[in-house]
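Enquirer: Following numbering that gives the first Met the number 0, the numbering of the sequence shown begins with 0 at its first residue and continues without gaps.
Beta carbons are placed, not taken as given, at the ideal position from N, Cα and C, and that holds for glycine.
If you're wondering where the values come from, they're calculated on a predicted model, not measured in any experiment.
Let me give you the structure first, and then I'll get to my questions.
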Amino acid sequence: MKYPITLSEDLKYLAAYYQWNDADKAEIRAAFTNCEPMVRYFTNLAAAHRAGYKQDAGNGFVRLREWCEQKGLADPYGNNFDVVALDMLKAVSRL
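Here it is in structure tokens:
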């Protein structure tokens with residue numbers, strides 16, 4: 000299986016964000032190895048976080064799918080999810 004070129008950076012970003020320890024990292028690696036849906040999930044999750052997604056008490060611990068719906072984005076678990084749209088959302092939020 001080929002992995003997206005961004006996967007390594009996405010996983011580093013998520014590891015820092017979630018403060019994964021070595022055991023967490025091993026579990027994550029096992030989850031995505033040869034599993035395209037999980038690779039897509041982690042790539043989309045990292046892009047969403049960079050665009051402003053977070054799960055906390057202030058937003059009722061909103062789930063990724065719900066957050067994407069609120070932003071007018073496709074299902075993050077589907078094949079039609081547009082990471083570029085998240086990058087645009089990130090750019091607009093900086094203005």
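Taking the alpha-carbon of Asn43 as reference, which of Glu26, Ala56, Arg62 has the nearest alpha-carbon?
Expert: Arg62
Enquirer: Can you tell me whether Asp21 is helix, strand or coil according to DSSP?
Expert: helix
Enquirer: Residues in the same chain with beta-carbon distance under 8 Å from Asn33, minus the five sequence neighbours each way, listed in chain order, please.
Expert: Met0
Enquirer: Suppose you measure from the CA of Val38 to the CA of Cys67; what does that come to, to the nearest Å?
Expert: 18 Å
Enquirer: Evaluate Ala56 with the Cβ neighbour count: other Cβ atoms within 10 Å of its Cβ, from every protein chain shown; 16 or more gives buried, anything less gives exposed.
Expert: exposed
Enquirer: How many angstroms separate the CA atom of Ser7 from the CA atom of Lys24?
Expert: 12 Å
Enquirer: What are the boundary residues of the alpha helix (DSSP H) that Cys67 is part of?
Expert: 63-69
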